[in-house]
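Following: one structure in structure tokens, then a few remarks.
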Ligand code: PHE
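Numbering (the working numbering), first residue to last: 21 to 446.
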């Protein structure tokens, strides 16, 4: 198999940002910020992003470039590492499986918005009728088929090219929506909900923990896809600046998503909720009430699709990298096979909400963060001096040597604390 690489630095950053920016930014971040201190939430988030998030990205990218995808990287460094690599691949497949169900809903909404029908449905019952139904399975299948279509074309011609189109498009659409939202009459209450700083929340450990686990998922730092994307970075391509741009770009999108959502929700006297309810029930009501709402509905669901597909390609690519490297499969066979596997695992979740919640919890809460820990340990075993050398190759900016003790001690300890605290805080 020819070795895969990114064609350009910019292409790599587009792909890394594409992987990072996803549903996590649009339906989780704004809500959490609103609930955990508003503008005050940004303070812990940005501090953690700077101290931990950027390091997390550099750890996973550097590990990947030095040692290869998860199975190779963990296999070379950790006892039983090969199996740990297989384990994180299985987790990635599960994440892709439930994610594709949600992308399926978004596809259905996008098409319904395009035909104009979204204006005449009753959003609550409409969502109830299509989520968890056989129709949802069909849309999930289409979501997976589109992901397969991109991944099958390869790293440069598929993923990199698609992300280079989708990322700028996403930024433009998001800004249009944010401007529309904050200029609506009575949008002020939404701004107040979202931003009014509650400084007391900064002192609560829970706020910091929520910020951290949100950050890991949002940056896709789960020891899975970022290690694979790292393995495609050429020696003369930059890691440090790319990590910084990815981390802050991801956060900028998350913060702006709040501006696009809350002012509009409050302007029409609606209640903010999190997750599916927000995107698939509350916002359609907003679009129905807003002048010219159908145009904004089309833009919004296209935005969700861009964010989501640039993430699903990273998920599928993770398994494809493993299969082409270790199972001697062609890219085509591996892409179709693992795409179909995700479909089979996810389809029951498209029908049954209990299974859907279970698969989300298992993959994102209980097992996902272990991947980040495995990656951190693998990097340590690789040798922190060697890793630092690698980090400096092709770098456009230099990280001070404090990166070494930081990546070796501070980072893994923080990952462990986040993981354990999830069980304590619930
Ligand atoms: N970071 C993505 C989001 O915020 C999710 C993701 C996780 C993507 C793991 C790729 C790998 O939605």
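Beta carbons: idealized from backbone N, C-alpha and C, even for Gly.
Please read these numbers as outputs of a predicted model, since none were measured by experiment.
- The beta carbon of residue 120 sits closer than 8 angstroms to the beta carbons of 160, 163, 164, 167, 332, 362, 363 and 366 from its chain, once the five residues preceding and following it are set aside; these are given in chain order.
- In this chain, the alpha helix (DSSP H) harbouring residue 410 covers 404 to 412.
- Look at residue 239 here: in three-state DSSP terms it is coil, with no helix or strand label.
- CA-to-CA, the gap between residue 40 and residue 234 works out to about 11 angstroms.
- With 16 or more other CB atoms across the displayed protein chains lying within 10 angstroms of its CB, residue 270 is buried.
- Around the beta carbon of residue 350, a 10 Å sphere encloses fewer than 16 other beta carbons of the protein chains shown; the residue is thus reported as exposed.
- Scanning its chain for C-beta atoms nearer than 6 angstroms, with the 5 sequence neighbours on each side dropped, one finds around residue 244 the residues 108, 112, 338 and 391, in chain order.
- Using a Cβ distance threshold of 8 angstroms, residue 157 and residue 395 do not count as a contacting pair.
- Straight through space, the alpha carbons of residue 430 and residue 420 are spaced by roughly 15 angstroms.
- Closest in alpha carbon position to residue 23, among 56, 254 and 208, is 254.
- Here residue 387 is not near residue 432, since their CB atoms are 8 angstroms or more apart.
- Judged by their CB atoms, residue 292 and residue 213 are nearer to each other than the 8 angstroms cut-off.
- Take residue 101, set aside five residues on each side of it, and the residues of its chain with a beta-carbon closer than 6 angstroms to its own are 94 and 95, in chain order.
- For residue 271, the enclosing alpha helix (DSSP H) has its first and last residue at 260 to 287.
- Rounded to whole angstroms, residue 352 and residue 172 show a C-alpha spacing of 6 angstroms.
- Per the coordinates, the alpha-carbon of residue 225 lies some 10 angstroms from the alpha-carbon of residue 64.
- Close CB contacts of residue 356 within its chain, under the 7 angstroms cut and outside five residues either way in sequence, are with 168 (chain order).
- Put simply, of 287, 324 and 297 the residue whose alpha carbon is nearest the alpha carbon of residue 306 is 287.
- At a cut-off of 7 angstroms, the beta-carbon of residue 34 does not count as near the ligand PHE: no heavy atom of the ligand is closer than that.
- Between the region 396 to 412 and the region 120 to 137, the count of Cβ pairs shorter than 8 angstroms is below three; the stretches do not touch.
- At least 8 angstroms separates the beta-carbon of residue 30 from that of residue 263.
- A direct Cα-Cα distance of roughly 17 angstroms separates residue 43 from residue 268.
- Within the same chain, Cβ atoms closer than 6 angstroms to the Cβ of residue 370 are found at 121, 156, 157 and 160, the five residues on either side in sequence being excluded.
- Between residue 222 and residue 57, the CB-CB gap stays under 8 angstroms.
- Secondary structure remark: continuous beta strand (DSSP E) runs of at least 3 residues inside the region 53 to 113: none found.
- Contact annotation, residue 200 with residue 316: C-beta distance approximately 6 angstroms; criterion of less than 8 angstroms satisfied.
- For residue 331, the shortest C-beta to heavy atom distance toward the ligand PHE is below 7 angstroms.
- By the Cβ-count criterion, residue 329 is buried, with 16 or more other Cβ atoms from all chains shown falling within 10 Å of its own Cβ.
- A distance of 8 angstroms or more separates the beta carbons of residue 196 and residue 82.
- If one requires a minimum length of 4 residues, the alpha helix (DSSP H) runs lying completely within the region 138 to 194 are 143 to 150 and 154 to 171, in chain order.
- If you look at residue 344, you'll find it in the alpha helix (DSSP H) that goes 313 to 346.
- Secondary structure at residue 372: coil, using DSSP grouped into helix, strand and coil.
- Judged by DSSP in its simplified three-state form, residue 257 adopts coil rather than helix or strand.
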